[in-house]
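Read top to bottom, the protein sequences are chains A and B.
Each residue of the first sequence is one higher than the last, beginning at 3 in our numbering.
Each residue of the second sequence is one higher than the last, beginning at 635 in our numbering.
One structure is given below, encoded as structure tokens.
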Amino acid sequence: MAVTLDQTIAQKQHTFLSRLFANQTFWVVIAVILACLFLSFATDSFATSKNLFNITRNVTFVAIVALGMTFVIITGGIDLSVGSVLCLCSMVLAVTMHAGYSIEIGILATIVTALAIGAFNGVLIAYLGFPPFVVTLGMLSVARSLAMVASNNTVVFQFGPDHQKLLALGGGAWVFGIANPVLYMIVLALITGFILRWTKFGRHIFAIGGNEHAATLTGVPVKQIKVAVYMISALSAGLAGIIQTGWLGAVTTNLGTGMELQVIAATVIGGANLAGGVGTALGAIVGAALIEVIRNSLGLLGINAFWQGTFIGGAIILAVLFDRIRNFRRSD
Amino acid sequence: MSVLELANISKHFGAIQAVNDVSFSLEAGEVVGLMGDNGAGKSTLVKMIAGNFRPSHGTIHLEGKELVMHKPADARQNGIEIVHQDLALCNNLTAAANVYLGRELRRGIGPFRILDYAAMYKRAGQLFAELKSETRPRDLVKQMSGGQRQAVAIARTMLSQAKIVLMDEPTAAISVRQVAEVLNLIRHLRDQGIAVVLISHRMPDVFDVADRVIVMRRGRKVADKKIASSSPEEVTGLITGAIEQVA
Numbered sequence: 003m004a005v006t007l008d009q010t011i012a013q014k015q016h017t018f019l020s021r022l023f024a025n026q027t028f029w030v031v032i033a034v035i036l037a038c039l040f041l042s043f044a045t046d047s048f049a050t051s052k053n054l055f056n057i058t059r060n061v062t063f064v065a066i067v068a069l070g071m072t073f074v075i076i077t078g079g080i081d082l083s084v085g086s087v088l089c090l091c092s093m094v095l096a097v098t099m100h101a102g103y104s105i106e107i108g109i110l111a112t113i114v115t116a117l118a119i120g121a122f123n124g125v126l127i128a129y130l131g132f133p134p135f136v137v138t139l140g141m142l143s144v145a146r147s148l149a150m151v152a153s154n155n156t157v158v159f160q161f162g163p164d165h166q167k168l169l170a171l172g173g174g175a176w177v178f179g180i181a182n183p184v185l186y187m188i189v190l191a192l193i194t195g196f197i198l199r200w201t202k203f204g205r206h207i208f209a210i211g212g213n214e215h216a217a218t219l220t221g222v223p224v225k226q227i228k229v230a231v232y233m234i235s236a237l238s239a240g241l242a243g244i245i246q247t248g249w250l251g252a253v254t255t256n257l258g259t260g261m262e263l264q265v266i267a268a269t270v271i272g273g274a275n276l277a278g279g280v281g282t283a284l285g286a287i288v289g290a291a292l293i294e295v296i297r298n299s300l301g302l303l304g305i306n307a308f309w310q311g312t313f314i315g316g317a318i319i320l321a322v323l324f325d326r327i328r329n330f331r332r333s334d
Numbered sequence: 635m636s637v638l639e640l641a642n643i644s645k646h647f648g649a650i651q652a653v654n655d656v657s658f659s660l661e662a663g664e665v666v667g668l669m670g671d672n673g674a675g676k677s678t679l680v681k682m683i684a685g686n687f688r689p690s691h692g693t694i695h696l697e698g699k700e701l702v703m704h705k706p707a708d709a710r711q712n713g714i715e716i717v718h719q720d721l722a723l724c725n726n727l728t729a730a731a732n733v734y735l736g737r738e739l740r741r742g743i744g745p746f747r748i749l750d751y752a753a754m755y756k757r758a759g760q761l762f763a764e765l766k767s768e769t770r771p772r773d774l775v776k777q778m779s780g781g782q783r784q785a786v787a788i789a790r791t792m793l794s795q796a797k798i799v800l801m802d803e804p805t806a807a808i809s810v811r812q813v814a815e816v817l818n819l820i821r822h823l824r825d826q827g828i829a830v831v832l833i834s835h836r837m838p839d840v841f842d843v844a845d846r847v848i849v850m851r852r853g854r855k856v857a858d859k860k861i862a863s864s865s866p867e868e869v870t871g872l873i874t875g876a877i878e879q880v881a
């Protein structure tokens, strides 16, 4: 029987399984599961509810910021300022509440701060053509310095009349004993996944990362979308800051130092491509999870903490290596 | 009545006269080859039809109504579509996503509207079938041949009821077999009553598919005649200036 044109057009080239196996995120999930299984048998302390509670909660701060970073990286940009923005936002929340304002006002001020910083980054990048690396590197320095100015470089640990509410927000476990930060992370991941897959905005973000010139020619509002992604990134840092403040119960000006690198590592391990055009919400989460599991397991296995950087760095390179190998095969 | 009518169009950038007093008309279902050397004014002329530039002098009429455009979106709204030289495709997206880029179909109510994947795959598949191109809507453009990529870019122009399609060097950088594929795509557009302007340097392509050839030199129109009554030699002479002008 001859194959008609219509049949060819209707044919799906990839089955569900072939797509799954070609997916970096899938292999990272496997790696996380294998590591967890191994640790459950190899150590007594890994599979305890206390340790799992700790891991899941530690993952969340990096993961939430990584979700925001995913938007930026898909457009082909980068946001190095997230660690400092997280610190500044925590400080704005702490100082506002310390001054006697309610938690609602504090959170509002924090979110406004985050969005303003994101908009500043975005406008410079989208409308004035600054390289994202430079603008956000500058903001990395500025935001941390502003946090020091706001607090006079002191530790803030009293949050005024709504002190207890804030601690419950970040440190509680309202549903089934799951730490609150984990719940926030899950909700934000679902929202991120939905936006990326099902909205016009999400589609346009991928288009910009794939071919910005083409996106412009086909009428995609490239500049506005770029501003929006940097605002989302800063907002995610701000939200993580609020949650982390509630969890820690104190804010210092070195909060989130070096976090931008962990966040970028998480998104890259999860399958996002720094060249743009590729990235998922699930990838950001499992990337963050893999980093945390590695860190946790080294401690439990009694390996010197100085080795952490080597293992995490190795994971980054290994994850990207698999991607390269697949691409080599394809181009041959 | 002509689909498009340009009357005494001129465009200058400062002291440089890029297009000088050009008039021509396009009929529905006609393929016109627009030829000329680099700097002859082809691109400037096309950019005025596409809404990128406003003419310094002269008027453009679309189906008898005067057309004043301020931006490329205006041209699209009026049924003028462009296939860019670099095709303007995103490699990381599927064929269907590229076809619908910038005008995605959505379903839902009010602000709660999500992308309608099924409808976009279906319509894109129909367009590829109309173009007789073996292009699968779900495949990534990254994995496609030059001819398939052209089909995706051309399918884009068929989404709305296009009246005029401007094609900028569609056969410049593809293989011989794919050139034949693209020329077929152009014939399919023509058969649907669309007027096609084919900007090309390649003499054989123009003589293969076009009904009429317009030659530009130094901003002026130097020839506008039926393909049947011209020859590649004559057109070459007109492009280089060996032949001054023909009626």
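Ideal placement from N, C-alpha and C gives every residue a C-beta, glycine not left out.
C-alpha distance - residue i paired with residue j, whole-angstrom precision
i	j	result
F55 of chain A	N726 of chain B	38 Å
A722 of chain B	G204 of chain A	19 Å
K756 of chain B	H822 of chain B	20 Å
A758 of chain B	V733 of chain B	7 Å
A24 of chain A	D708 of chain B	42 Å
M3 of chain A	A876 of chain B	In this predicted model, M3 of chain A has a pLDDT of only 46, less than 50, meaning its place in the structure is not dependable enough to derive any value.
S690 of chain B	L668 of chain B	21 Å
V114 of chain A	D164 of chain A	20 Å
T77 of chain A	V869 of chain B	46 Å
V702 of chain B	K225 of chain A	26 Å
T269 of chain A	H100 of chain A	35 Å
A118 of chain A	I244 of chain A	16 Å
I127 of chain A	L82 of chain A	13 Å
R688 of chain B	I694 of chain B	10 Å
G853 of chain B	M682 of chain B	13 Å
D334 of chain A	D773 of chain B	Any answer about D334 of chain A is weak, because its pLDDT of 48 lies below 50 and its placement is not dependable; what the coordinates show is given next. Cα to Cα, the separation comes out at about 19 Å.
I266 of chain A	G248 of chain A	24 Å
M261 of chain A	A290 of chain A	12 Å
I327 of chain A	L22 of chain A	16 Å
F330 of chain A	F324 of chain A	10 Å
V810 of chain B	S865 of chain B	22 Å
F142 of chain A	L41 of chain A	Strictly speaking, residue 142 of chain A in this sequence is Leu, with Phe absent from that position. Rounded to whole angstroms, L142 of chain A to L41 of chain A spans 37 Å at the Cα level.
I109 of chain A	A252 of chain A	16 Å
Beta-bridge partners of residue i, as assigned by DSSP
i	result
G742 of chain B	B:R747
D802 of chain B	B:I833
D858 of chain B	B:I848
L660 of chain B	B:L638
M669 of chain B	B:V849
L774 of chain B	B:T728
Q651 of chain B	B:H646
K699 of chain B	B:L696
T224 of chain A	With the sequence shown as reference, residue 224 of chain A is identified as Val, and Thr is not the correct amino acid for it. V224 of chain A pairs with nothing; no bridge assigned.
V158 of chain A	A:V253
Cβ-Cβ separation, residue j to residue i (assumed contact under 8 Å), whole Å
i	j	result
I207 of chain A	F73 of chain A	6 Å
V87 of chain A	Q264 of chain A	The Cβ separation is near 14 Å, so there is no contact.
V665 of chain B	L832 of chain B	6 Å
G602 of chain B	T220 of chain A	Past the boundaries of the shown model lies residue 602 of chain B; chain B is included only from 635 to 881, so the question cannot be answered.
G162 of chain A	G102 of chain A	5 Å
S235 of chain A	G70 of chain A	4 Å
Span of the beta strand (DSSP E), counted from its first residue to its last, around residue i
i	result
A641 of chain B	638–647
H691 of chain B	691–696
Segment limits, alpha helix (DSSP H) that includes residue i
i	result
N123 of chain A	105–128
I296 of chain A	283–302
W29 of chain A	26–44
G79 of chain A	First-last for G79 of chain A: undefined, no H or E at that position.
L735 of chain B	Per DSSP, L735 of chain B belongs to no alpha helix (DSSP H) and is neither H nor E.
D8 of chain A	7–12
P163 of chain A	Segment: none, P163 of chain A is in no alpha helix (DSSP H) and carries neither H nor E.
I788 of chain B	780–791
A814 of chain B	810–825
DSSP state of residue i mapped onto helix, strand, coil
i	result
R715 of chain B	Reading off the sequence, residue 715 of chain B comes out as Glu, not Arg. Correct three-state label for E715 of chain B: strand.
I245 of chain A	helix
K766 of chain B	coil
I180 of chain A	strand
A752 of chain B	helix
K705 of chain B	coil
D720 of chain B	coil
A796 of chain B	coil
A274 of chain A	coil
I327 of chain A	helix
S48 of chain A	The sequence given here has Phe at residue 48 of chain A, not Ser. Three-state result, F48 of chain A: coil.
P838 of chain B	helix
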